[in-house]
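Participant:
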Amino acid sequence: MLESPTTGPADTQALHAECARCRTTLYRIALLQLRDHHAAEDAVQETLVAAIEGRAGFRGQSSIKTWLLAILRFKIIDSLRARGSGPLSRGVETEAEPGEFDALFDGDGNWAEPKSHWRGPEGDYEEIEFFRVLEACMERLPEATARVFRMREFLELETPEICERARVSAGNARALLYRARMSLRVCLGKSWYEGGDAAAVRTRGHTR
Amino acid sequence: MSRALSCRDTTVLVSEGRDRPLTKAELADLRGHLTGCVRCQAAREQFEILFRGIERYLHGDTPEAQGGRGAGA
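Residue numbers (our numbering), protein chains in the order written: chain A, 4 to 211; chain B, 339 to 411.
Right, dumping it as structure tokens:
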């Protein structure tokens, strides 16, 4: 529908349409971070209101979704900070087990996983499917792992603040971030670059 | 002083390098290991592909978000 986002009054309709289309995505991201239905709804609502009120500030250099995500990021951070420390993370210890990636390495810490060749030095960033697979891989991460990972990679919070907001120790935060990245590399390799269970992951990836 | 890193150690440093600046010693160890280890060079490239993909995805910079080919299917 949306050919290319541009500015101007004629695009108000396009903005409303895109806001409606992105609403579920924004809500899912907000819920994952805030873990509270009302807080997530509020953050999304405030994001959409801010976007529509501030539409003159949208320059069309990025997609509307990118712009909405940028606004949402600030709304989530505001909400996290207003609330103080988050609820205690449950199950964090069991989520990051020290031996989790033992199968990838031998006893001396050398690679023991089969060699895998990812096509070319560049990622498949022009492929919509690539991101659907990546999304499916991220959805497979356990809850606390995903939350801490997105605090770092999406909200771009520094580790000390992540520890405070998620109520995890620095060591736990490090372990969860490591786990997320290791798991995602394995998942992306198996599901995208090596075929593997791509069909299963992609089917999930298509579900909205 | 440099100590020998295992492949496993390098994956930890590659991850932590996303969260904090690595120390000079860590960087030297990492470079030293990577220079001589083909498997870790490959793994590091794969991590970079993953990290760029995550950045694009989380910031809405995907072909779908841009209304690129196949969008709206």
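Glycine is no exception: its CB is placed at the ideal position from the N, C-alpha and C atoms.
Just curious, the alpha helix (DSSP H) that H120(A) is in, first and last residue?
Facilitator: Unbroken run through H120(A): none, as it is neither H nor E.
Participant: How should L180(A) be labelled, buried or exposed, when 16 other C-beta atoms within 10 angstroms of its C-beta is the threshold for buried?
Facilitator: buried
Participant: Taking all protein chains shown into account, do 16 or more other C-beta atoms lie within 10 angstroms of the C-beta of D81(A), making it buried, or fewer, making it exposed?
Facilitator: exposed
Participant: Since I believe T148(A) is in contact with A176(A) (beta carbons under 8 Å), could you give me their beta-carbon distance rounded to a whole number of angstroms?
Facilitator: At roughly 10 Å, the Cβ-Cβ gap does not stay under 8 Å, so A176(A) and T148(A) are not in contact.
Participant: Could you check the C-alpha separation between I392(B) and V350(B) for me, to the nearest Å?
Facilitator: 18 Å
Participant: Quick one: what's got a C-beta closer than 7 Å to C378(B)'s C-beta in the same chain, skipping five residues either side?
Facilitator: C345, T348, H371, L372
Participant: In this structure, how does DSSP classify F157(A) when only helix, strand and coil are distinguished?
Facilitator: coil
Participant: Chain A beta carbons: is any one of them nearer than 8 Å to that of H371(B)?
Facilitator: no
Participant: To the nearest angstrom, report how far apart I79(A) and G110(A) are at their CA atoms.
Facilitator: 43 Å
Participant: So if DSSP puts W114(A) in a beta bridge, which residue, or which two residues, is it bridged to?
Facilitator: F108(A)
Participant: Can you tell me the Cα-Cα spacing of F104(A) and D367(B), whole angstroms?
Facilitator: Each residue's Cα considered, the two are about 22 Å apart.
Participant: Is it buried or exposed, S186(A), if we count other Cβ atoms within 10 angstroms and call 16 or more buried?
Facilitator: When all chains shown are included, S186(A) counts as buried.
Participant: Quick check on this structure: which residue in E354(B), R369(B), V352(B), S353(B) has the alpha carbon closest to the alpha carbon of A342(B)?
Facilitator: R369(B)
Participant: Using the Cα positions of D14(A) and F61(A), report the straight-line distance between them to the nearest angstrom.
Facilitator: 11 Å
Participant: If I follow the unbroken alpha helix (DSSP H) through F385(B), where does it start and stop?
Facilitator: 376-396
Participant: Please state whether the Cβ-Cβ distance between T400(B) and I131(A) is less than 8 Å.
Facilitator: Cβ atoms of T400(B) and I131(A): closer than 8 Å.
Participant: As a quick exercise: from Y196(A), C22(A), R31(A), K193(A), pick the residue whose alpha carbon is nearest that of E142(A).
Facilitator: R31(A)
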